[in-house]
Amino acid sequence: MAMTLRDILNKLLGRQPASATTARERLQLVLAHDRSDLSPELLEQMRREIFEVVAKYVEIDLEGGEVSLETEDRMTALVANLPIKRSIKPAANPPSKADESEDQEPSETKEAEESKESEAGESSD
Amino acid sequence: MAPTTRTILICSGKGGVGKTTLTANLGIALGRQGIRTVVLDADFGLRNLDLLLGLENRIVYTAQEVLAESCRLDQALVKHKQEPNLALLPAGNPRMLEWLKPEDMQRIASMLADQFDYVLIDCPAGIEDGFKNAVAAAKEAIVVTTPEVSAVRDADRVIGLLNTQGLSPIQLVLNRVRPKMMANQEMLAADDVTDILALPLLGLLLEDEQVIVSTNRGEPLTLTKSNSPAARGYANIARRLQGEDVPLMDPAKEGRGLRAKLWQLMQTKIF
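Residue numbers (my numbering), protein chains in the order written: chain A, 1 to 125; chain B, 1 to 271.
Right under this line is the structure:
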């Protein structure tokens, strides 16, 4: 994002940014959603599911993870930034659904457990 | 037969951003260059092109009678008194919208293309049937927008639809620019809008009170000897359409005092 002297001055003085800057930022965000036709709720759901899938293979930093839509030149891209703590298994042996549950380390199943819990919660209602 | 006829849709999505005014002024400006031009009012629901051109009292037949074959095309065309190279094909009755199809608009556009070098189609606001009919008839497009979030957002929707219909080129006209507000960063800059919409800028038009005066009279600015900022802007757009290399006006350079220079320094993007 481009910065001008005025932007810096405004930041230093704790003033509101110029309204054109606000307009630009708001437009970029709303257009990314308009163009992809994804509602914020759907995006959030997709984000959760992406985290779940990735968490099967590598241990990711859930706090630092980020999935967002970005646009440039009328192209909208889904950008996922998922910091990896460490891989769970050697890459040569990709986990299959069947044997996965047996030899997992406790930390990495966090996401899976959470989803199990929520499922259990839903069914008990 | 004129195989090189350019059929250009003038659209915006949002209403009230200056489509019809641009159509009228471009029509006159092109006509003054000796180019045979016709403006087609495709806004059947809320027609106004006749009013801006001062031709509202001279309409006998409309596109409706032409399509129904109850009159010939040349009977429906209204020639402009002061600019004989320009003609208007008026919009028909709003009830036409009930049966009008994209093929009907295509038929009208190809009839006009036989007789004129430029066919400018004044598109209705919105993205419903009226818009779709007008798009079907055009080959290229000019999207008009103002530096406001709502107008830019609607323009983006329209550009997406134009792209899927294969119109090309699609060019942008930024209307109602206020240089002072832009310099103070209280209005989206031209670069902001072209970056966001990813379209080449065909022209930039300053907010100009003379536009209101000229619409009051039914005499487009390009028809009069006016040298107002908008009059120059319209004329420049017509010249660029004709392939002439006319430099774009830089609103930031409108002010030349020390204060303006200081402001410019403050707006320079440093990283």
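C-beta: ideal position from N, C-alpha, C; glycine also.
Predicted, not measured: the structure shown is a model, and the values here were computed from it.
Local Cβ density within 10 Å of residue i, reported as buried at 16 or more and exposed below that
{"i": "Glu244(B)", "result": "exposed"}
{"i": "Arg47(B)", "result": "buried"}
{"i": "Asn227(B)", "result": "exposed"}
{"i": "Ala77(A)", "result": "exposed"}
{"i": "Asp7(A)", "result": "buried"}
{"i": "Thr62(B)", "result": "buried"}
{"i": "Gly27(B)", "result": "buried"}
{"i": "Pro94(B)", "result": "exposed"}
{"i": "Pro94(A)", "result": "Interpretation of Pro94(A) is limited by its pLDDT of 49, a score under 50 that renders its predicted location unreliable; no figure is taken from the coordinates."}
{"i": "Asn57(B)", "result": "exposed"}
{"i": "Met187(B)", "result": "buried"}
{"i": "Arg24(A)", "result": "buried"}
{"i": "Leu53(B)", "result": "buried"}
Chain B within 8 Å of residue i, Cβ atoms only
{"i": "Asp34(A)", "result": "yes"}
{"i": "Val58(A)", "result": "no"}
{"i": "Arg15(A)", "result": "no"}
{"i": "Leu38(A)", "result": "no"}
{"i": "Gln28(A)", "result": "yes"}
{"i": "Ala18(A)", "result": "yes"}
{"i": "Leu69(A)", "result": "no"}
{"i": "Thr76(A)", "result": "no"}
{"i": "Leu5(A)", "result": "yes"}
{"i": "Leu12(A)", "result": "no"}
{"i": "Arg24(A)", "result": "yes"}
Inter-residue spacing [alpha-carbon to alpha-carbon] between residue i and residue j
{"i": "Arg157(B)", "j": "Pro17(A)", "result": "27 Å"}
{"i": "Val119(B)", "j": "Thr5(B)", "result": "7 Å"}
{"i": "Ile121(B)", "j": "Ser68(A)", "result": "39 Å"}
{"i": "Ile212(B)", "j": "Ala68(B)", "result": "36 Å"}
{"i": "Ser39(A)", "j": "Leu204(B)", "result": "34 Å"}
{"i": "Pro124(B)", "j": "Lys180(B)", "result": "31 Å"}
{"i": "Ala76(B)", "j": "Ala20(A)", "result": "46 Å"}
{"i": "Asp117(B)", "j": "Ile108(B)", "result": "15 Å"}
{"i": "Ala138(B)", "j": "His80(B)", "result": "23 Å"}
{"i": "Cys11(B)", "j": "Leu9(A)", "result": "40 Å"}
{"i": "Val30(A)", "j": "Thr71(A)", "result": "10 Å"}
{"i": "Arg74(A)", "j": "Glu128(B)", "result": "22 Å"}
Any chain A beta carbon closer than 8 Å to residue i
{"i": "Glu128(B)", "result": "no"}
{"i": "Gly166(B)", "result": "no"}
{"i": "Ala275(B)", "result": "Summary: the structure shown does not reach residue 275(B), with chain B confined to residues 1 through 271, and so no result is reported for it."}
{"i": "Glu140(B)", "result": "no"}
{"i": "Ile196(B)", "result": "yes"}
{"i": "Ile270(B)", "result": "yes"}
{"i": "Gly160(B)", "result": "yes"}
{"i": "Asp41(B)", "result": "no"}
{"i": "Val177(B)", "result": "no"}
Where the alpha helix (DSSP H) containing residue i begins and where it ends
{"i": "Ser19(A)", "result": "Ser19 to Ser36"}
{"i": "Ile28(B)", "result": "Lys19 to Arg32"}
{"i": "Ile35(B)", "result": "That residue, Ile35(B), is in no alpha helix (DSSP H); it is neither H nor E in DSSP."}
Residue i Cβ short of 7 Å to the ligand FMN heavy atom set
{"i": "Leu27(A)", "result": "For the ligand FMN, the structure offers nothing, since it holds no ligand at all."}
Contacts around residue i, its chain only, beta-carbon distance under 6 Å, and the 5 residues preceding and following it disregarded
{"i": "Val54(A)", "result": "Ile60 and Leu82"}
Cutoff 7 Å; reference residue i; Cβ partners in own chain excluding five residues on either side
{"i": "Ala235(B)", "result": "Ala29 and Thr222"}
{"i": "Ile159(B)", "result": "Val143, Ile170, Leu197 and Leu199"}
{"i": "Leu112(B)", "result": "Val38, Leu40, Leu89 and Val119"}
{"i": "Ile59(B)", "result": "Asp50, Val78 and Pro90"}
{"i": "Glu65(B)", "result": "Cys71 and Ala76"}
8 Å Cβ shell around residue i - same chain, five flanking residues per side excluded
{"i": "Leu49(B)", "result": "Thr20, Thr23, Ala24, Val39, Asp41, Asp43, Leu88, Pro90, Ala91 and Asp122"}
Where the beta strand (DSSP E) through residue i begins and ends
{"i": "Met75(A)", "result": "Met75 to Asn81"}
{"i": "Arg107(B)", "result": "Taken as a continuous stretch (DSSP letters only), Arg107(B) belongs to no beta strand (DSSP E), being part of the alpha helix (DSSP H) at Pro102 to Ala113."}
{"i": "Thr71(A)", "result": "Glu66 to Glu72"}
Any C-beta of chain D under 8 Å from that of residue i
{"i": "Leu82(A)", "result": "Judged by its chain identifiers, the structure shown contains no chain D, and its protein chains are A and B."}
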